[in-house]
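Peer 1: Residue numbers (our numbering), protein chains in the order written: chain U, 1 to 277; chain P, 1001 to 1277.
There are 2 protein chains.
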Amino acid sequence: METLSQNQAHNGVQGVYRHASLATGTDMTFSVYVPEHVRGTRLPVLWYLSGLTCTHANVTDKGEYRRACAEHGVILVAPDTSPRGEGVPDDEAYDFGQGAGFYVDATQAPWASHFHMRAYVEDELPALIAAEFPADMARQGITGHSMGGHGALTVALRNPTRFRSVSAFAPIVAPSVVPWGEKALGGYLGEDRDGWRPYDACALILDGARVPELLVDVGDADQFLHEQLRPELLRAACDAAGIDLTLRIQPGYDHSYYFISTFLAEHVAWHAQRLEA
Amino acid sequence: METLSQNQAHNGVQGVYRHASLATGTDMTFSVYVPEHVRGTRLPVLWYLSGLTCTHANVTDKGEYRRACAEHGVILVAPDTSPRGEGVPDDEAYDFGQGAGFYVDATQAPWASHFHMRAYVEDELPALIAAEFPADMARQGITGHSMGGHGALTVALRNPTRFRSVSAFAPIVAPSVVPWGEKALGGYLGEDRDGWRPYDACALILDGARVPELLVDVGDADQFLHEQLRPELLRAACDAAGIDLTLRIQPGYDHSYYFISTFLAEHVAWHAQRLEA
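#1: Tell whether a beta-carbon distance below 8 Å holds between P1171 (chain P) and A1184 (chain P).
#2: With 7 Å as the limit, tell me which residues of the segment 4-38 of chain U have their beta carbon closer than that to any beta carbon of chain P; keep them in chain order.
#3: So, do the segment 80-96 of chain U and the segment 163-170 of chain U have three or more beta carbon pairs nearer to each other than 8 Å?
#4: So, helix, strand or coil for H1145 (chain P), using DSSP?
#5: If you draw a straight line from the alpha carbon of L264 (chain U) to that of L215 (chain U), how long is it in whole angstroms?
#6: Do you know how far the Cα of L1076 (chain P) is from the Cα of A93 (chain U)?
#7: Shortest alpha-carbon distance to R1248 (chain P) belongs to which of P:P1110, P:Y1017, P:S1261, P:E1232?
#8: Can you give me the C-alpha to C-alpha distance between V1218 (chain P) and G1012 (chain P), rounded to a whole angstrom?
#9: Using CA atoms only, rank isn't needed, just tell me which of P:G1195, P:N1007, P:M1001 is closest to Y279 (chain U).
#10: Go to V1016 (chain P), then tell me how far its beta strand (DSSP E) extends in each direction, as first and last residue.
#11: With a threshold of 16 other CB atoms inside 10 Å of the CB of L1204 (chain P), please say whether the residue is buried or exposed.
#12: Looking only at its chain, what residues have a beta carbon closer than 8 Å to the beta carbon of G1252 (chain P), apart from the 5 residues adjacent to it on each side?
#13: Which class does H1114 (chain P) belong to by DSSP, given the choice of helix, strand or coil?
#14: Could you give the C-beta distance for V1074 (chain P) and H1271 (chain P), rounded to a whole number, given that I count them as a contact under 8 Å?
#15: Using 10 angstroms around the beta-carbon of G1141 (chain P), count the other beta-carbons present and answer buried if the total reaches 16, otherwise exposed.
#16: Answer with buried or exposed for V1038 (chain P), where buried requires no fewer than 16 other C-beta atoms within 10 angstroms of its C-beta.
#17: Would you call M1001 (chain P) buried or exposed, if buried means 16 or more other Cβ atoms sit within 10 Å of its Cβ?
#18: Should Y1199 (chain P) be flagged as near chain U, meaning a C-beta pair shorter than 8 Å?
#19: Leaving out five residues on either side along the sequence, give the residues of the same chain with a beta carbon under 8 Å from the beta carbon of E1122 (chain P).
#20: For E1213 (chain P), which of P:L1234, P:R1193, P:P1198, P:Y1033 has the nearest alpha-carbon?
#21: Need the endpoints of the alpha helix (DSSP H) that A272 (chain U) sits in, please.
#22: Residues of chain U with CB closer than 8 Å to the CB of Y1103 (chain P), please, in chain order.
#23: Any idea which residues DSSP pairs A1219 (chain P) with across the strands?
#24: Flag S1256 (chain P) as yes if its beta-carbon sits less than 8 Å from any beta-carbon of chain U, otherwise no.
#25: On the DSSP bridge list, what partners appear for S1167 (chain P)?
#26: Cβ atoms of P1134 (chain P) and L1043 (chain P): under 8 Å apart, would you say?
#27: Output yes if chain U places a C-beta closer than 8 Å to the C-beta of K1183 (chain P); else output no.
#28: In the DSSP assignment, find the beta strand (DSSP E) that holds P44 (chain U) and state where it starts and stops.
#29: What residue ranges within the segment 52-129 of chain U form continuous beta strand (DSSP E) runs of no fewer than 3 residues, ordered along the chain?
#30: Less than 6 Å between C-beta atoms, sequence neighbours within five positions excluded: which residues of the same chain meet that for D254 (chain U)?
#31: DSSP has T29 (chain U) in a bridge; who is on the other side?
#32: Tell me whether D1200 (chain P) is buried or exposed, calling it buried when 16 or more other Cβ atoms sit within 10 Å of its Cβ.
#33: Please state the DSSP three-state secondary structure of E2 (chain U).
#34: By Cβ distance, which residues of its chain are closer than 7 Å to C1202 (chain P), with the 5 residues on each side in sequence left out?
#35: Comparing C-alpha positions only, which one of P:H1019, P:D1244, P:G1051 sits nearest to P1126 (chain P)?
#36: Any beta carbon of chain P sitting closer than 8 Å to that of Y188 (chain U)?
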């Protein structure tokens, strides 16, 4: 693991790191904020999965999470959204290919060669975080935005004992039935829709996956609310499954980092409460 | 004035605007954050002047000021650092020309044609802010970073009755005697160093300019501390003049927005206290 930058912020260290990923067969860059802490102690970890077009840098620059992480003693990890670089397949569209990995392990050519973001965020990067940072992997939470909200929900639903807390900002809750998701899941996984179900939060819940509770914020001025996000489908799935979903429709907020940065500190505090030792 | 974007953030509105500037003879872009407020009321204004290479966007994206501005009911205005565009002179160096206006009214060719950033931030933009936003211009404070800290200090020292509060992050306090300043002031104003004095905070204080108090934060890991910033010169000037300078050398912090975003909320609160009705 190579350190690309480290800067003191809110008394902790905001770092950006790169490593050669076996999962994707590429170098991968990610950011980690580690609050000031007593040497030798280990801190809970909050994963933040980013949305379409983003790298680790968007939330690192614009997320306004460090003050809250410092206050609550929570590490925040922000992975990239796909493999990148020469030799990695890409697509001209913003919602497919590089920057749009959808947190799946692709099975279709040409994507299957590198697009293994499920293995990367579920297995490889957690092992690296556990080894290289003062992280207590028994206390993990996960959140994310849009495509990354989809990532957070599906990773947590597939690994219910790993995460004590799960939240999301404007998540894609049912990719199998919305344009972004149909395009991505069809492209990466092929046309057999049964293979999409492990990557669809509502389908996972319908198929029996459970987490005890969810916190989801969505802005009512979000341009993608009705076509791509459809939080009412998550509401229905959680109600049917008995999952305690707190779904907050935030008046006036859009899909941007202005929305995320308004509420991310609150999410950090919410996770921190559930990640206490 | 044209609205380029408006996004709700922390219950207020973060806007980015463009207008045709008479001072610079170019279009100028700036950002304004207006907290939620009772219709018809006017809010105090905090000016934030940015550093070398920056536009309005750096602090708007990375400054982490909106929560504090919302809490204290303070408008934050972030101008650009120079005129820009085709037909505007430029220089290949990062510290001269576009992105490096140094908040002076240039007198030397070719800069005198457009580089009137003093007139822009002192006169033209304040008039626009007063006309277009719910700003109480009787309650103004000013701050800035690096070159913009120089701007904040010198604008305030030249206009002591206009600003109730002045602070700075890692300011260039004596441009006449440091490399960045000698290059810029010589280039924009010519070799007669007497003409530089209105643009040098320490020289202004030596020449009799006064503000009641100053708050200055500088990181002790700032790579520019000893060669370009030299806060000890401001300490000496303020001590000699009886100006109440709070100079905080912040251990571990560098020159980046990670430093600014750590302390900007505290500066907003400090200004807000002095800007109360």
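Note that CB positions come from ideal geometry on N, CA and C, so glycine has one too.
This structure is a prediction, so every number in the text was calculated from the model and none was measured.
Peer 2: In this structure, then:
#1: Locating residue 1171 (chain P) in the second sequence gives position 171, counting from the first residue. Locating residue 1184 (chain P) in the second sequence gives position 184, counting from the first residue. Their beta carbons are not under 8 Å apart, which means P1171 (chain P) does not touch A1184 (chain P) by this criterion.
#2: N7, Q8, A9, H10, Q14
#3: no
#4: Numbered from 1 along the second sequence, position 145 holds the residue referred to as residue 1145 (chain P). Of the three classes helix, strand and coil, the one that applies to H1145 (chain P) here is strand, per DSSP.
#5: As a working note, residue 264 (chain U) is residue 264 in the first sequence. As a working note, residue 215 (chain U) is residue 215 in the first sequence. Those two C-alpha atoms are separated by around 12 Å.
#6: Stepping through the first sequence from its first residue, residue 93 (chain U) is reached at position 93. Stepping through the second sequence from its first residue, residue 1076 (chain P) is reached at position 76. Their Cα atoms are separated by approximately 36 Å.
#7: For the purposes of this step, residue 1248 (chain P) is taken as the residue at position 248 of the second sequence. Of the candidates P:P1110, P:Y1017, P:S1261, P:E1232, the one whose C-alpha sits nearest the C-alpha of R1248 (chain P) is P:E1232.
#8: Looking up residue 1218 (chain P) in the second sequence gives position 218. Looking up residue 1012 (chain P) in the second sequence gives position 12. The alpha-carbon atoms of V1218 (chain P) and G1012 (chain P) are separated by roughly 30 Å.
#9: With chain U covering only 1 through 277, there is no way to say anything about residue 279 (chain U).
#10: Working through the second sequence from its first residue, we reach residue 1016 (chain P) at position 16. Segment 1012-1020, the beta strand (DSSP E) holding V1016 (chain P).
#11: Within the second sequence, the letter at position 204 stands for residue 1204 (chain P). L1204 (chain P) should be labelled buried.
#12: Position 252 of the second sequence, counted from the start, is the residue given in the question as residue 1252 (chain P). G1219, D1220, A1221, listed in sequence order.
#13: For the purposes of this step, residue 1114 (chain P) is taken as the residue at position 114 of the second sequence. In this structure, H1114 (chain P) counts as coil in the three-state DSSP scheme.
#14: The sequence position of residue 1074 (chain P) within the second sequence is 74, counting from 1. The sequence position of residue 1271 (chain P) within the second sequence is 271, counting from 1. Between H1271 (chain P) and V1074 (chain P) the Cβ distance is about 7 Å, and since that is below 8 Å, they are a contact.
#15: By 1-based counting over the second sequence, the position of residue 1141 (chain P) is 141. When all chains shown are included, G1141 (chain P) counts as buried.
#16: Within the second sequence, numbered from 1, the residue matching residue 1038 (chain P) stands at position 38. Flag for V1038 (chain P) reads exposed.
#17: Stepping through the second sequence from its first residue, residue 1001 (chain P) is reached at position 1. Exposed is the call here.
#18: Residue 1199 (chain P) sits at position 199 when you count from the first residue of the second sequence. No - not a single Cβ of chain U is within 8 Å of the one on Y1199 (chain P).
#19: Here residue 1122 (chain P) refers to the residue found at position 122 when the second sequence is read from its first residue. Around E1122 (chain P): V1155, R1158, N1159.
#20: Along the second sequence, read from residue 1 onward, the residue named residue 1213 (chain P) stands at position 213. Cα-wise, what sits closest to E1213 (chain P) is P:L1234.
#21: Here the question's residue 272 (chain U) lines up with position 272 in the first sequence. Element bounds for A272 (chain U): 257-274.
#22: Numbered from its first residue, the second sequence carries residue 1103 (chain P) at position 103. Chain U residues near Y1103 (chain P): none, gap ~25 Å exceeds 8 Å.
#23: For this step, residue 1219 (chain P) is matched to residue 219 along the second sequence. A quick correction: the sequence has Gly, not Ala, at residue 1219 (chain P). Partner(s): P:Q1250.
#24: To locate residue 1256 (chain P), count along the second sequence from 1; it is residue 256. Yes - at least one Cβ of chain U is within 8 Å of the one on S1256 (chain P).
#25: Counted from its first residue, the second sequence places residue 1167 (chain P) at position 167. For S1167 (chain P), which the question treats as bridged, DSSP gives the partners P:L1215.
#26: In the second sequence, counting from the first residue as 1, residue 1043 (chain P) sits at position 43. In the second sequence, counting from the first residue as 1, residue 1134 (chain P) sits at position 134. Yes, they are a contact pair.
#27: Counting from 1 along the second sequence, the entry for residue 1183 (chain P) is found at position 183. It does not; no Cβ of chain U falls within 8 Å.
#28: Here residue 44 (chain U) is taken as the residue at index 44 of the first sequence, counted from 1. Where P44 (chain U) is concerned, the enclosing beta strand (DSSP E) stretches over 43-49.
#29: 75-79
#30: Sequence index remark: in the first sequence, residue 254 (chain U) carries index 254 (1-based). Answer for D254 (chain U): G219, A221, D222, listed in chain order.
#31: Here residue 29 (chain U) refers to the residue found at position 29 of the first sequence. Partner(s): U:R18.
#32: If you number the second sequence from 1, residue 1200 (chain P) lands on position 200. Buried, since its Cβ has 16 or more Cβ neighbours within 10 Å.
#33: On the first sequence, residue 2 (chain U) is found 2 positions in, with the first residue counted as 1. Residue state, collapsed to three classes: strand.
#34: As a working note, residue 1202 (chain P) is residue 202 in the second sequence. Once the five neighbours on either side are set aside, the close Cβ partners of C1202 (chain P) are V1173, A1174, L1233, L1234, A1237.
#35: Taking the first residue of the second sequence as position 1, residue 1126 (chain P) is located at position 126. Selected option, being the one with the closest Cα: P:H1019.
#36: Reading the first sequence from its first residue, position 188 is the one you call residue 188 (chain U). Not one chain P Cβ lies under 8 Å of Y188 (chain U).
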